[in-house]
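Numbering (our numbering), first residue to last: -9 to 249.
We treat Cβ as the ideally placed atom computed from N, Cα and C, and that holds for glycine.
Working notes for the structure below.
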């Protein structure tokens, strides 16, 4: 497992139903090292999720290329696990079968059957294997979604606002769970978030993006040790620095929104 990511001069243009061309990303250059926890933060509609979709292989750049370990990303792969804001579990399957689904599709279930219980335990869902998604809380469903993404042993875990729909208490607990899983699995994580405190709490690098057509305003290294204290003066300084950058970007450019 390595997990080095590179965005090389990446642009992305969409065409609206009315024929208008919309540029979402503008010549993005970004290197993400193996084992980094990187948060992408910026105004709504600025292209953060577009970057994640390109990295996941769910979409292709209009210009430039995205690489994982020097291999060009052209399609989805188990090398990149993906977790959305909505857990997207199959409601007709138990938690066990949801987590095992990818193994079954790849015909690996028989030889890797024991890993299903392993990853259910990793995310703290022991005892809920036979439950269905509607019987669990939102936080528990997101844990199951994490297990499903992790069971393929990806080089990089991609997180598209996975905690956005959770209440504040559950969200903070899940942030700690992400850090624990990150420490155990030692994989690269890239997360889209609108929450500045969350970005400072979780990541070792924060990519602050401008309104679209998005460019990178600044990459901020977070050198605070884990676990982090949200009242630490350096934590507060970093949060204020990011808020200043986002406020400046919002005042200097017209912010448009895209779906």
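Buried/exposed call for residue i, threshold 16 Cβ in 10 Å
i	result
residue 133	buried
residue 150	buried
residue 70	buried
residue 88	buried
residue 153	buried
residue 201	buried
residue 7	exposed
residue 9	exposed
residue 51	buried
residue 173	exposed
residue 109	buried
residue 127	exposed
residue 145	buried
residue 233	exposed
residue 100	exposed
residue 261	The structure shown has nothing for residue 261, since the chain only spans -9 to 249.
Where residue i sits in the DSSP three-state scheme
i	result
residue 68	coil
residue 52	coil
residue 100	helix
residue 57	strand
residue 226	helix
residue 138	helix
residue 205	coil
residue 88	helix
residue 233	helix
residue 20	strand
residue 125	helix
residue 214	coil
residue 13	strand
residue 106	helix
residue 95	helix
residue 8	coil
CB contact flag (residue i, residue j, <7 Å)
i	j	result
residue 191	residue 218	yes
residue 193	residue 74	no
residue 207	residue 214	no
residue 138	residue 84	no
residue 199	residue 36	yes
residue 189	residue 5	no
residue 178	residue 13	no
residue 59	residue -6	yes
residue 304	residue 0	Within the shown structure, residues of the chain are numbered from -9 to 249, placing residue 304 beyond reach of any answer.
residue 77	residue 135	yes
residue 229	residue 211	no
residue 33	residue 79	no
residue 65	residue 47	yes
Extent of the continuous beta strand (DSSP E) to which residue i belongs
i	result
residue 84	Neither: residue 84 is in no beta strand (DSSP E) and is coded neither H nor E.
residue 147	146 to 150
residue -4	-5 to 5
residue -8	Here residue -8 belongs to no beta strand (DSSP E), and DSSP marks it neither H nor E.
residue 27	27 to 31
Residue range of the alpha helix (DSSP H) that includes residue i
i	result
residue 115	Careful: residue 115 lies outside any alpha helix (DSSP H) and carries neither H nor E.
residue 42	38 to 46
For this session: Entirely within the segment 155 to 196 and at least 3 residues each: give me those beta strand (DSSP E) ranges in chain order.
Result: Entirely contained in the segment 155 to 196, the beta strand (DSSP E) runs reaching 3 residues are, in chain order, 178 to 182.
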